[in-house]
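Student: Pasting a structure here, questions to come.
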Amino acid sequence: IVSRGELVQIGGGFRIPEILEESGAHLREVGTTNQTFIDDYEKAINENTSLILKVHQSNFHMNGFIHQVEVKELKKLGKKYNLPVVVDLGSGTFLATETFGLKHEPTVQENIRAGADIICFSTDKLLGGPQGGVICGKEIYLKKISQHPLFRTLRVDKITLAILQEILLSYLKGKAVSKIPLWKMISCPLDKIAARSQNICQKLKKEDISAFTKEGETAIGGGSLPGQTLPTKLIIIKPPCPVEIFSKELRSFNPPLLGRKEKEFFILDPRCIDPSSDNLVIKIITSVYSKMK
113 IVSRGELVQI GGGFRIPEIL EESGAHLREV GTTNQTFIDD YEKAINENTS LILKVHQSNF
173 HMNGFIHQVE VKELKKLGKK YNLPVVVDLG SGTFLATETF GLKHEPTVQE NIRAGADIIC
233 FSTDKLLGGP QGGVICGKEI YLKKISQHPL FRTLRVDKIT LAILQEILLS YLKGKAVSKI
293 PLWKMISCPL DKIAARSQNI CQKLKKEDIS AFTKEGETAI GGGSLPGQTL PTKLIIIKPP
353 CPVEIFSKEL RSFNPPLLGR KEKEFFILDP RCIDPSSDNL VIKIITSVYS KMK
């Protein structure tokens, strides 16, 4: 059983209802796109019901006349009818996003405390690790999953596990913000970004490169925190050739430099660049700029 408002499509055209149907599950949609209540779930329960599914809308946002059922309510209902509650968190996070000036994003810990029997979430996106996914929850259900014939086919390799272990240890040691690139970018103060942006521009100008700074916004992106941004100080470059050609040359450089195009300008966001790479960025831009003159 799943709310109609939670039948989402993720990247690459993968749709929750189609994925579930491929698994052999029979989907029972309840409620409406914008309004679903606990009674809608209860009315749909019958002798064939296997589980209650809640899917977090991690890659889009609805507002206005809406109502969604919380995990705590679903857990009470699941307990009443002896049904497991499965939560697909999507991007997933262990940290309180509001601490960084963003809107609250449901954490894995919150959903565990709310009583979810199984929680699925990405190991990349907001977790900041390698591409993959986690299924966590109660042992009785995880044991069944691990014994399924597809489990061996879909298990990740040792390299992915090694990287994921380091990421998770960073969280356990309280070092996620200082160690994981994603959270280093999100947590970086605006004044530090502005100082770096100004410094890069000054050095580019010394090379007779047309560059200046401008206030802007950094989108979190990656299928998480839809519509939310952080303030930043952009680096704006006026290339000596059409921006499409300039951008292509930067992408073809070794190592490549990726930015975005806006009208005739090439734009870099220092929030998305590791500070240790600032001098390398200057070197790449200077090299390509002089070549395209």
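According to the working numbering, the sequence shown is numbered sequentially starting from 113.
Glycine included, each C-beta is placed from N, C-alpha and C at the ideal position.
Strictly by DSSP, which residues pair up with SER234?
Tutor: In the DSSP output, where bridge partners are listed per residue, SER234 has GLY245.
Student: Do you know offhand how far GLN147's Cα is from ARG116's?
Tutor: Their backbone Cα atoms lie some 9 Å apart in a straight line.
Student: Confirm, please, whether the CB-CB distance from ILE279 to ILE292 is below 9 Å.
Tutor: Taking 9 Å as the Cβ cut-off, ILE292 and ILE279 qualify as a contacting pair.
Student: To the nearest angstrom, report how far apart LEU189 and LEU201 are at their CA atoms.
Tutor: Looking at the two C-alpha atoms, the distance is approximately 20 Å.
Student: Under the rule that 16 or more other beta-carbon atoms within 10 Å means buried, what is ASP297, buried or exposed?
Tutor: A small correction: the amino acid at residue 297 is Met; Asp does not occupy that position in the sequence shown. Counting Cβ neighbours within 10 Å, MET297 comes out buried, since at least 16 surround it.
Student: Can you list, in chain order, the residues of its chain whose CB lies under 7 Å from that of ILE128, leaving out five sequence neighbours each side?
Tutor: LEU119, VAL120, VAL167.
Student: If the criterion is Cβ atoms closer than 9 Å, does the pair PRO352 and TYR401 meet it?
Tutor: Yes.
Student: Output the distance between the C-alpha atoms of GLU251 and THR144, rounded to the nearest integer angstrom.
Tutor: Answer to the nearest angstrom: the Cα atoms are 33 Å apart.
Student: If we count Cβ pairs, one from each stretch, closer than 8 Å, do we get three or more for the region 226-236 versus the region 247-267?
Tutor: Counting Cβ pairs under 8 Å, three or more are found: they touch.
Student: Which same chain residues end up closer than 7 Å to ILE257 when comparing Cβ atoms and leaving out the 5 residues on each side of it in sequence?
Tutor: Within the same chain, ILE257 has close Cβ partners ILE247, PHE263.
Student: The beta strand (DSSP E) that contains ARG308, what's its start and end?
Tutor: ARG308 -> not in any beta strand (DSSP E); alpha helix (DSSP H) instead, spanning 302-317.
Student: Could you give the C-beta distance for LEU266 and PRO242, rounded to a whole number, given that I count them as a contact under 8 Å?
Tutor: With a Cβ gap of about 15 Å, LEU266 and PRO242 do not count as contacting.
Student: I'd like to check one pair, GLU217 with THR235: are the Cβ atoms closer than 9 Å?
Tutor: Contact: no.
Student: So, using beta-carbon positions, are PHE365 and PHE378 closer together than 9 Å?
Tutor: Going by C-beta atoms, PHE365 is not nearer than 9 Å to PHE378.
Student: Terminal residues of the continuous alpha helix (DSSP H) containing PRO293?
Tutor: Segment 293-299, the alpha helix (DSSP H) holding PRO293.
Student: Can you tell me where the alpha helix (DSSP H) with ALA274 in it begins and where it stops?
Tutor: It spans 270-284 - the alpha helix (DSSP H) in which ALA274 sits, taken as one unbroken run.
Student: Can you give the Cα-Cα distance for GLU319 and GLY240, rounded to whole angstroms?
Tutor: Looking at the two C-alpha atoms, the distance is approximately 36 Å.
Student: At what residues does the beta strand (DSSP E) containing GLU159 begin and finish?
Tutor: Premise fails: GLU159 is in no beta strand (DSSP E) and is neither H nor E.
Student: Below 6 Å CB to CB, which residues in the same chain sit around VAL438 once its five sequence neighbours on both sides are set aside?
Tutor: No answer is possible for residue 438: it lies beyond the span of the chain, which begins at 113 and ends at 405.
Student: Expressed to the nearest angstrom, what Euclidean distance is found between the alpha-carbon atoms of VAL197 and LYS270?
Tutor: Their Cα atoms are separated by approximately 30 Å.
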